[in-house]
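So the structure is just underneath, and the comments pick up after that.
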């Protein structure tokens, strides 16, 4: 598979898309997982586990384009039909919501930023990253058109919207640190991503640490990105609960296979991928194209490993400094146990038809 990303230009977002982004109301958002029917496992010819029956509860998210492709194409439903496994899709509005669902057992597999996965694992959530779905530039500091704020230094004493427990929040913390500021130098308004953009538009906050694809729509509507730093964006992690990994490893492998099939398909079909994102997120097609082709590197190595540890090792101490994690030892333990490369190393895109 060729590892690459592509580029394209963007036009203007439609008014209808802006309305959808403001409300954050997308069909299926925050819906509860369906009750699982009884599943059984038996040993296959290779003495591996073969799951029969039950439900795979898995998330989809606009910040995870591959999840949208897999859902749209129905590949998991087809791949698991012979095992009589039902696929239940639950939308995650942000990494924090995906982590909440994983911890509650409402989903078996969920997509988050790497930073959010580390935070969750550090605080005892029994999850592991089984695949890397992208290396995005999905966070930046955003202000309204005409704002006098032009730099991170100008944020001192200002109200900044950010969704705690997500990459934009950690992006904000790192951005402040880079300018010699601390979290105490700003007033962080803990708002979900779409609500942060809405608050910026209404003037109830001075700035917003934004997340694509909402941020791309905001930019096309006139908002300004005053600070960008791709190194402050952590990778896109596909996480699974430890119970799911232990009890249904065959299903976990099928999920990862589907992700790698989707990666190949999306790289070969960027226009169709953008259209799927546009349809799900209610974005103008030009804005969705910008997200896919300019800010999402789908050509990243899918195996969780040293590249992710390098980023997370830098972010980890920030959690302790802000009180989000009690001790560095919890960060260290999480770094040692979060990544599970087993499934990604065995990924077989051709297994998905």
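Numbering (mature numbering (1 follows the signal peptide of the UniProt record, and there is no 0)), first residue to last: -27 to -1, 1 to 326. Positions of the beta carbon are idealized from the N, C-alpha and C atoms, including for glycine.
Bridge partners of residue 85 according to DSSP: 210. Within its own chain, the residues whose Cβ lies closer than 7 Å to the Cβ of residue 239, once the five positions on either side in sequence are excluded, are 38, 39, 42, 246, 271, listed in chain order.
Following the DSSP letters along the chain, one finds residue 183 in no alpha helix (DSSP H) but inside the beta strand (DSSP E) bounded by residues 180 to 184.
Taking C-beta atoms as the reference points, residue 105 and residue 277 count as a pair closer than 8 Å. Contact annotation: residue 49 and residue 60 have beta-carbon atoms nearer than 8 Å.
Each residue's CA atom was taken as its position, placing residue 196 and residue 100 some 36 Å apart.
Residue environment for residue 264: buried (at least 16 other C-beta atoms within 10 angstroms of its C-beta). Closest by C-alpha distance to residue 184, out of 177, 175, 229, 203, is 203. An exposed status is given to residue 121, since fewer than 16 other beta-carbon atoms sit within 10 Å of its beta-carbon. Pairing residue 114 with residue 133, the inter-Cα distance amounts to about 9 Å. Under the DSSP definition of a beta bridge, residue 32 partners with 63. In this chain, residue 135 is not harboured by any alpha helix (DSSP H); it is covered by the beta strand (DSSP E) spanning 132 to 135.
In the three-state scheme derived from DSSP, where H, G and I count as helix and E and B as strand, residue 164 is classed as coil. Under the three-pair Cβ rule at 8 Å, the region 299 to 308 counts as touching the region 280 to 290.
Residue 243: member of the alpha helix (DSSP H) spanning 243 to 254, first to last residue.
DSSP, reduced to helix, strand and coil, places residue 290 within a helical segment of the structure shown. Per the C-alpha coordinates, the member of 52, 296, 221, 235 positioned closest to residue 275 is 235.
Straight through space, the alpha carbons of residue 224 and residue 30 are spaced by roughly 11 Å.
If the five residues before and after residue 138 are omitted, its C-beta is found closer than 7 Å to the C-beta atoms of 68, 69, 72, 89, 92, all from its own chain and listed in chain order. In this structure, DSSP gives residue 313 a state outside helix and strand, which the three-state scheme calls coil. In the structure shown, residue 219 falls within a helical segment according to DSSP collapsed to helix, strand and coil. Per DSSP, residue 128 lies in no beta strand (DSSP E) and is assigned neither H nor E. Excluding five sequence positions before and after residue 152, the CB atoms of its chain that fall closer than 7 Å to its own CB belong to 125, 126, given in chain order. Of the residues 181, 173, 213, 123, the one whose Cα lies closest to the Cα of residue 143 is 181. Within the same chain, and ignoring the five residues on either side of residue 160 in sequence, the residues whose Cβ sits closer than 6 Å to its Cβ are 132. Residue 200 is bridged by DSSP to 114.
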